[in-house]
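J.: Just so you know, the sequences run in chain order Z and B. Numbering-wise (this note's numbering), the first sequence opens with residue -9 and increments by one. Numbering-wise (this note's numbering), the second sequence opens with residue -9 and increments by one.
Protein chains: 2
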Amino acid sequence: MRFSVLLISIFCAALAFAAERPLIHFTPEKGWMNDPNGLFYDRKDDIWHLYFQYNPNQPYWNQPLYWGHAISKDLTTWTHEKLAIGPEHADEGIFSGSIVVDHNNTTGFFNESINPDQRVVAIYTNNADIQTQDLAYSLDGGYTFTKYSENPVLNVNSTQFRDPKVIWHQESYQWIMTVVQAQQYQIQIYGSTDLKHWNLHSNFSAGFTGYQYECPGLIEIPIVGTNETKWVMFLAINPGSPLGGSSDQYFIGDFDGFQFKPMDSYTRLVDLGKDFYALQTFSDVEKTDGVLAIAWASNWQYANDVPTKGWRSSTSLVRNLTLDYISTNPEKKLLSLVQTPVFESNVSKSTEKSNITLQKNDSIDFNADSGVFEFELNFKVLKKLTYPEVPNLDLYISTKDGAESIRFGFNPVIQAFYLDRTTDAFKNPFYTGQISANVEPYLDNEYKVHGVVDRNIIELFFNDGAVTMTNTFFLSEEANPCTMNLTSNMNDEFHIRSVSFKELSV
Amino acid sequence: MRFSVLLISIFCAALAFAAERPLIHFTPEKGWMNDPNGLFYDRKDDIWHLYFQYNPNQPYWNQPLYWGHAISKDLTTWTHEKLAIGPEHADEGIFSGSIVVDHNNTTGFFNESINPDQRVVAIYTNNADIQTQDLAYSLDGGYTFTKYSENPVLNVNSTQFRDPKVIWHQESYQWIMTVVQAQQYQIQIYGSTDLKHWNLHSNFSAGFTGYQYECPGLIEIPIVGTNETKWVMFLAINPGSPLGGSSDQYFIGDFDGFQFKPMDSYTRLVDLGKDFYALQTFSDVEKTDGVLAIAWASNWQYANDVPTKGWRSSTSLVRNLTLDYISTNPEKKLLSLVQTPVFESNVSKSTEKSNITLQKNDSIDFNADSGVFEFELNFKVLKKLTYPEVPNLDLYISTKDGAESIRFGFNPVIQAFYLDRTTDAFKNPFYTGQISANVEPYLDNEYKVHGVVDRNIIELFFNDGAVTMTNTFFLSEEANPCTMNLTSNMNDEFHIRSVSFKELSV
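This is the structure we're talking about:
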């Protein structure tokens, strides 16, 4: 264990003032990435496949745009594979889409030599003069693809028709595609028995509209502690999120194979941070693995301007999705998405403290030179203060020399967690410095926070994932966030039930 | 004119390093203000009445909480009046509510000596052990009030039942109250023939929920260019807005006297800034004056912490509300609220320029020592740039010495306006520095902005009020925002069709 820490320190020192990509979040080695695409699990070889919107030529969005590809055994570390699908012309793109495993060969693309668990079909948007939904299939389990000769399989003669997400709906025994008429604010639901011929079943519109809809997705999710499920419709909007730029929202309801009927008229956000967009769920996951999803961890308002060198953007961690009734105020529990991170790592170094009532300027400290760590914090608010008091429980996350910090914390009078990610390293008027999340205590005045910090991204899971907030941040010269200090400006206001810090390695 | 400018300069100098309250936005002279309440127009005396949530004793929220009172002839300058209504006990409050003019004496509170246009009845929440809806009436046109002896008139035995807004609904010949079961996420619609006895007609729930609902309001609003109207349901949420803290949303639909039926499932925000909450419309406005409303121009996340001295918070300007079909992308027009500011002022000084294609580092400048000015900017984007270009049209608004600035601007690649209001004068992790608004051009690549800057508030009206963004800001030592510089980082990207700056006085 000591040896591994030493190795990390040397590694960290060697890379000071150079680009350090996140370790347990997927990034391209070079070039530009946006939405995750075609996520699926290969049951035969036990391999997770991740494709993504990829411009390998420049670290910003541009055409020709490809499906990049990476694989993983543990949903944590990813091996970069060759480009999976590319456009016919340089001014075109293979835009977002999904993959299904066609076990029963409904498409006729496969013969008996292809294992049913590896009958991989991609459904994606071909972005040319217009946007159409096209197919490509793989005879080698997802590494190389052949475009279907009769493409497109769905064409409404629109320049704004995209992002097909396909699932198999067992009850109605058909493929279901959700796809957006982006600027009509319509999620369209189509059905097919062969992935080639599609019938429009219904349209769905709701929520914040912004400029346009993108990346829809419909999936059945279990309600924790019951045998029940509900259907969740995911919907991305960009630009024009109330947070600025890009956000994901969702709606909970029922689906009969033809129409999605929301259970209420509420608009729910998937994540309260500024860097969580275009979430997609994995296809063909074993039921015991749950419902798994990945989002793009950036925002179109500044994604092309962030100060990373040679590469741009990471994904979120993989998240396991369930539904549960979550307290949103003292009177109400709302059925809500619960998200927990899925990753496997080694702990290089850790510390744990418990039952400490913080006094003013007390500090609980930890160092993680690699800039990759997680923390779990369980605290109780002791005194019910009110205006004009400004009590803060603060976790400062700083560079090794302490010159730069981001500040995460909680104010019980305002009843919200905050993140101040302002640094000198990145100035952009759309890069919102201060972001917050209103969170209801999970017990009387008690809150839980699980944070994962990975070089330039912080994912926060409040109360076991009842609320989440994902944000990137940028330190000068790409120094690592190495030093943590948990502190308060008040005596006897915050009781730390427990806090642990763990430096992570893979 | 020169004389008036001189006077303002002297005034400005005298107040340097002292508290300067906004001039054409209403503020309390001292103490704390939040929601506007009981807004009504006295048709007999041609006087506008504004009441407001008021703690005269401290510059932060606390009980006893009163209805403060001010009157105006021009909706711009306000005369402070005595406290209008106060609670029975020091630990109680007269919470938000509305006023109606009971022309027909449905309550029986008035005799013939009281002019029908001055039969003033306040319906408000009494905040004690529980929250109930109470009445008070005025026999002197709104200056002093008598509480109804049979209060409360509506009690559901809840601690979270508040903010009654009452209108007269002519078609069903009854009073209609919208009021929230705040933590049940319910707007309740009640009807009454005498303001004393209320029947529950229906409930309405929608939109973004946050922690709780507050300050509902239902009103009929004309659709521009037609003889049609729609009903608009306003709804405030706090905390837990997607922007952080407090926001107002609205829904458009029909109302038959019993139920509000939204025309679609969209969630719309009234204003995209962080300081616009608890909007209320005026009662008894002459039809020719339109639908007029005022909001509180702050946010509960930091309202009690802003660095104003002895007083806290202003209202928004009065806004005239209409509905119109607004382009939100190239394919779609959505019926939306259109808001234009209503105020009367003198122009102390002005400048106007037109037909200038900005070159890099060109600057169009203006000074307004009083810190009170408006600007109208009409520009065209000349070149369609894309990533990774970062073209900015910037309006810097600075202190006289230039030491501190806020930055307002537009980036055509990101397709949004931004405000960076970060200054050294106010650091609070909930005080979001960077706020943005996605705006569709009103003509081919053309945008209009009307801005009103009043010492520590900037209200922005895009494309004649199709989108609005209201934010406070704070300069060191409360120096005034005196200096404007309109500039760009690009050659030949922005063509200024016209720009005018006007220093305002009253």
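We put the CB at the ideal spot given by N, CA and C, even for glycine.
1) So, residue 124/Z versus residue 116/Z, is the Cβ gap smaller than 8 angstroms?
2) Excluding the five sequence neighbours on either side, which residues of its own chain have a C-beta within less than 6 angstroms of the C-beta of residue 201/B, listed in chain order?
3) Can you look up residue 154/Z in the DSSP assignment and give me helix, strand or coil?
4) Should residue 208/B be flagged as near chain Z, meaning a C-beta pair shorter than 8 angstroms?
5) Quick one: list the residues of chain Z neighbouring residue 321/B, beta-carbon separation under 8 angstroms, in chain order.
6) Within 8 angstroms of any Cβ in chain Z, is that where the Cβ of residue 493/B sits?
7) Specify the secondary structure class of residue 278/B as computed by DSSP and reduced to three states.
8) Output yes if chain B places a C-beta closer than 8 angstroms to the C-beta of residue 232/Z; else output no.
9) Compare the C-beta of residue 135/Z with all C-beta atoms of chain B and state if any pair is closer than 8 angstroms.
10) Buried or exposed: where does residue 183/B fall if 16 or more other Cβ atoms within 10 Å of its Cβ makes it buried?
11) Could you check whether residue 347/Z and residue 482/Z sit closer than 8 angstroms to each other, using their CB atoms as the reference points?
12) Do residue 22/B and residue 49/B have their CB atoms nearer than 8 angstroms?
13) Between residue 289/Z and the rest of its own chain, which residues show a CB-CB distance below 6 angstroms, the 5 nearest in sequence each way excluded?
14) Run down chain B in chain order and give the residues with a C-beta less than 7 angstroms from the C-beta of residue 399/Z.
15) How big is the Cα-Cα spacing for residue 167/B and residue 178/B?
16) Beta carbon of residue 74/B, beta carbon of residue 41/B: below 8 angstroms?
17) If I measure Cβ to Cβ from residue 148/Z and keep anything under 8 angstroms in the same chain, skipping five residues before and after, which residues do I get?
18) Going by other Cβ atoms of all chains shown within 10 Å of its Cβ, with 16 needed for buried, is residue 429/Z buried or exposed?
19) Beta strand (DSSP E) containing residue 399/B: first to last residue?
20) What's the C-alpha gap between residue 87/B and residue 203/B?
21) With DSSP run on the structure shown, which of helix, strand or coil describes residue 466/Z?
22) Given that residue 51/Z touches chain B, what residues does it touch there, using C-beta distances under 7 angstroms?
23) So is residue 412/B in contact with chain Z if we call contact Cβ pairs under 8 angstroms?
24) How is residue 106/B classed by DSSP in three states: helix, strand or coil?
25) What are the boundary residues of the beta strand (DSSP E) that residue 427/B is part of?
26) Can you tell me whether residue 217/Z sits near the ligand MN, meaning its C-beta is under 7 angstroms from at least one heavy atom of the ligand?
27) Mapping DSSP to helix, strand and coil, what is residue 435/B?
28) Here's the rule I'm using: 16 or more other beta-carbon atoms within 10 Å means buried, otherwise exposed. How should residue 320/B be labelled?
29) Just to confirm before moving on: does the CB-CB distance between residue 353/B and residue 225/B stay below 8 angstroms?
30) Going along the chain, which residues of its own chain have a beta-carbon closer than 6 angstroms to the beta-carbon of residue 241/Z, five neighbours each way excluded?
31) Could you check how far apart the C-beta atoms of residue 421/B and residue 292/B are, in whole angstroms? I think they sit under 8 angstroms.
32) Taking the beta strand (DSSP E) that residue 413/Z belongs to, which residues open and close that run?
33) How about residue 387/B and residue 413/B: do their beta carbons lie closer than 8 angstroms?
34) Between residue 388/B and chain Z, is there a C-beta pair that is closer than 8 angstroms?
35) For residue 415/Z, go through chain B and note every residue whose CB falls closer than 9 angstroms to its CB, in chain order.
36) Using the C-alpha atoms, what's the distance from residue 68/Z back to residue 62/Z?
T.: In short:
1) Here residue 124/Z refers to the residue found at position 134 of the first sequence. Here residue 116/Z refers to the residue found at position 126 of the first sequence. Against a cut-off of 8 angstroms, the Cβ pair of residue 116/Z and residue 124/Z comes out as a contact.
2) Reading the second sequence from its first residue, position 211 is the one you call residue 201/B. Around residue 201/B: 229 and 230.
3) As a working mapping, residue 154/Z is identified with position 164 in the first sequence. Correct three-state label for residue 154/Z: strand.
4) The count along the second sequence starts at 1 and reaches residue 208/B at position 218. No, no contact with chain Z.
5) Taking the second sequence and counting its residues from 1, the one referred to as residue 321/B is at position 331. Chain Z residues near residue 321/B: 150, 173 and 174.
6) Position 503 of the second sequence holds residue 493/B. It does not; no Cβ of chain Z falls within 8 angstroms.
7) Start at 1 with the first residue of the second sequence, and residue 278/B comes out as number 288. Note: residue 278/B maps to helix in three-state DSSP.
8) Mapped onto the first sequence, residue 232/Z falls at position 242. Output row for residue 232/Z: interface = yes.
9) Along the first sequence, one-based indexing puts residue 135/Z at 145. It does not; no Cβ of chain B falls within 8 angstroms.
10) Your numbering for residue 183/B matches position 193 in the second sequence. Its Cβ having fewer than 16 others within 10 Å, residue 183/B is exposed.
11) Numbered from 1 along the first sequence, position 492 holds the residue referred to as residue 482/Z. Numbered from 1 along the first sequence, position 357 holds the residue referred to as residue 347/Z. In contact: residue 482/Z and residue 347/Z (Cβ atoms closer than 8 angstroms).
12) Along the second sequence, one-based indexing puts residue 22/B at 32. Along the second sequence, one-based indexing puts residue 49/B at 59. Closer than 8 angstroms, so yes.
13) Working through the first sequence from its first residue, we reach residue 289/Z at position 299. Within the same chain, residue 289/Z has close Cβ partners 235, 236, 264 and 265.
14) Residue mapping note: residue 399/Z aligns to position 409 of the first sequence, counting from 1. In chain order: 419.
15) Here residue 167/B is taken as the residue at index 177 of the second sequence, counted from 1. Here residue 178/B is taken as the residue at index 188 of the second sequence, counted from 1. Cα to Cα, the separation comes out at about 8 angstroms.
16) Here residue 74/B refers to the residue found at position 84 when the second sequence is read from its first residue. Here residue 41/B refers to the residue found at position 51 when the second sequence is read from its first residue. Yes, these two residues count as a Cβ contact at 8 angstroms.
17) Residue mapping note: residue 148/Z aligns to position 158 of the first sequence, counting from 1. So the qualifying residues of the chain are 120, 121 and 171.
18) Reading the first sequence from its first residue, position 439 is the one you call residue 429/Z. Its Cβ being crowded by 16 or more others within 10 Å, residue 429/Z is buried.
19) Numbered from its first residue, the second sequence carries residue 399/B at position 409. Residue range 395 to 401 is occupied by the beta strand (DSSP E) that includes residue 399/B.
20) Sequence index remark: in the second sequence, residue 87/B carries index 97 (1-based). Sequence index remark: in the second sequence, residue 203/B carries index 213 (1-based). Computed Cα separation, rounded: 14 angstroms.
21) Here residue 466/Z refers to the residue found at position 476 when the first sequence is read from its first residue. Helix at residue 466/Z.
22) To locate residue 51/Z, count along the first sequence from 1; it is residue 61. Residues of chain B passing the Cβ test: 377.
23) The residue given as residue 412/B occupies position 422 in the second sequence. At least one chain Z Cβ lies under 8 angstroms of residue 412/B.
24) Numbered from 1 along the second sequence, position 116 holds the residue referred to as residue 106/B. In the structure shown, residue 106/B sits in a helix (DSSP, three-state: H, G or I).
25) Within the second sequence, residue 427/B is the residue found at index 437, counting from 1. Residue 427/B -> beta strand (DSSP E) spans 424 to 428.
26) By its list of ligands, the structure shown contains no ligand whatsoever, and the ligand MN lies outside what it can speak to.
27) Reading the second sequence from its first residue, position 445 is the one you call residue 435/B. Residue 435/B falls in the coil class under three-state DSSP.
28) Reading the second sequence from its first residue, position 330 is the one you call residue 320/B. Taking every protein chain shown into account, the CB of residue 320/B has fewer than 16 other CB atoms within 10 angstroms, so this residue is exposed.
29) The residue labelled residue 353/B in the question sits at position 363 within the second sequence. The residue labelled residue 225/B in the question sits at position 235 within the second sequence. Contact: no.
30) Taking the first residue of the first sequence as position 1, residue 241/Z is located at position 251. Excluding positions up to five away in sequence, the list reads 196, 223 and 252.
31) Sequence index remark: in the second sequence, residue 421/B carries index 431 (1-based). Sequence index remark: in the second sequence, residue 292/B carries index 302 (1-based). About 5 angstroms; that satisfies the 8 angstroms criterion.
32) For this step, residue 413/Z is matched to residue 423 along the first sequence. Note, residue 413/Z: premise wrong, no beta strand (DSSP E); not H, not E.
33) In the second sequence, counting from the first residue as 1, residue 387/B sits at position 397. In the second sequence, counting from the first residue as 1, residue 413/B sits at position 423. No, they are not a contact pair.
34) As a first step, residue 388/B must be located in the second sequence, where it is residue number 398. It does not; no Cβ of chain Z falls within 8 angstroms.
35) Here residue 415/Z refers to the residue found at position 425 of the first sequence. In chain order: nothing, as chain B lies at least about 15 angstroms away.
36) Taking the first residue of the first sequence as position 1, residue 62/Z is located at position 72. Taking the first residue of the first sequence as position 1, residue 68/Z is located at position 78. One C-alpha to the other measures close to 5 angstroms.
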